[in-house]
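Enquirer:
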Amino acid sequence: MTSDTWNVSSSVDMIQTNIVGVISTVAAFLPVLKAQRNATIMATSSALAFLPRADFATCCASKSFLHSWLTSLRHQLRKLPIEVLELSPPYVRTELTGLSQAADPRAMPLASYICEVMSMLENGQHPRGELLERDQARRWAERVGTFDSIFAP
Ligand SMILES: NC(=O)c1ccc[n+]([C@@H]2O[C@H](COP(=O)([O-])OP(=O)(O)OC[C@H]3O[C@@H](n4cnc5c(N)ncnc54)[C@H](OP(=O)(O)O)[C@@H]3O)[C@@H](O)[C@H]2O)c1
1 MTSDTWNVSS SVDMIQTNIV GVISTVAAFL PVLKAQRNAT IMATSSALAF
51 LPRADFATCC ASKSFLHSWL TSLRHQLRKL PIEVLELSPP YVRTELTGLS
101 QAADPRAMPL ASYICEVMSM LENGQHPRGE LLERDQARRW AERVGTFDSI
151 FAP
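Under my numbering, the first residue of the sequence shown carries the number 1, and numbering increases by one thereafter.
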């Protein structure tokens, strides 16, 4: 997406799916989950929540929203046995942006990513409720001073 091709309609669709979809799903299930002895809510954010790609502006912003919103939801539910997890995938070989992504050698193979996530879940490796695989560089870029060089090298 560039400033020439950007349009409001696709951004609204993205916000509807990535933000309103998650909030609506959580709202619908919360009464049911509150009645359980243990429950987990897991929503899919992105490593791009922490440091955007300018060509996916609305998508990245929607993931930043989710990161913030899930952080607050986790705090609000902290006295209930409802775990709130944020799955933040790196660049993975799916068809998310088209066929080329599914074949891109720079992307992590989907099977490897699934194995990593299952291992993190089994071992409880999700500090702060975040399941972040290898793209830790984006997570901490602002803190370690690499934000600008990664964002616009
Ligand atoms: N792959 C990556 O590199 C990557 C990186 C960071 C984050 N993520 C996130 O991971 C999640 C899954 O992506 P993916 O890589 O697995 O992509 P994918 O293979 O293209 O899967 C996307 C899924 O979302 C569904 N979907 C799309 N629009 C929808 C809508 N309006 N309502 C309901 N379902 C809808 C699709 O359903 P249909 O199959 O029926 O169309 C499909 O099952 C996304 O939230 C994405 O942002 C992916």
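Each residue gets a CB set at the ideal place from its N, CA and C atoms; glycine is no exception.
Helix, strand or coil: which one does DSSP assign to Ala103?
Expert: Residue state, collapsed to three classes: coil.
Enquirer: Output the boundary residues of the beta strand (DSSP E) element that contains Ala39.
Expert: 39 to 44 is the span of the beta strand (DSSP E), which, as asked, contains Ala39.
Enquirer: Quick check: the segment 54 to 71 against the segment 114 to 122, are at least 3 beta-carbon pairs closer than 8 Å?
Expert: The segment 114 to 122, when compared against the segment 54 to 71, does not touch it at the 8 Å Cβ threshold.
Enquirer: State the beta-bridge partners of Met108 as determined by DSSP.
Expert: In DSSP, Met108 forms a bridge with Val92.
Enquirer: So does the segment 118 to 126 actually touch the segment 9 to 29, counting three or more Cβ pairs closer than 8 Å?
Expert: The segment 118 to 126, when compared against the segment 9 to 29, does not touch it at the 8 Å Cβ threshold.
Enquirer: For Met108, tell me which candidate among Ser100, Arg93, Thr97, Gln101 has the shortest Cα-Cα distance.
Expert: Nearest C-alpha to Met108: Arg93.
Enquirer: Compute the beta-carbon to beta-carbon distance between His67 and Glu86, rounded to the nearest angstrom, for a pair I have assumed lies under 8 Å.
Expert: Yes, His67 and Glu86 are in contact; Cβ-Cβ is about 6 Å, under 8 Å.
Enquirer: Quick one: does the C-beta of Glu95 sit closer than 7 Å to a heavy atom of ligand 1?
Expert: Because some heavy atom of ligand 1 lies under 7 Å away, the Cβ of Glu95 counts as near it: yes.
Enquirer: Let's test the definition: count the other Cβ atoms within 10 Å of the Cβ of Glu130 and tell me whether it reaches 16, buried, or not, exposed.
Expert: Looking at its Cβ environment, which holds 16 or more other Cβ atoms inside 10 Å, Glu130 is buried.
Enquirer: Out of Ala137, Gln101, Trp140, Glu83, which has the shortest C-alpha to C-alpha gap to Gly124?
Expert: Out of Ala137, Gln101, Trp140, Glu83, Glu83 has the C-alpha closest to the C-alpha of Gly124.
Enquirer: Using a C-beta cutoff of 8 Å, does Glu83 count as contacting chain B?
Expert: Although the question refers to chain B, the structure presented lacks it and comprises just one protein chain.
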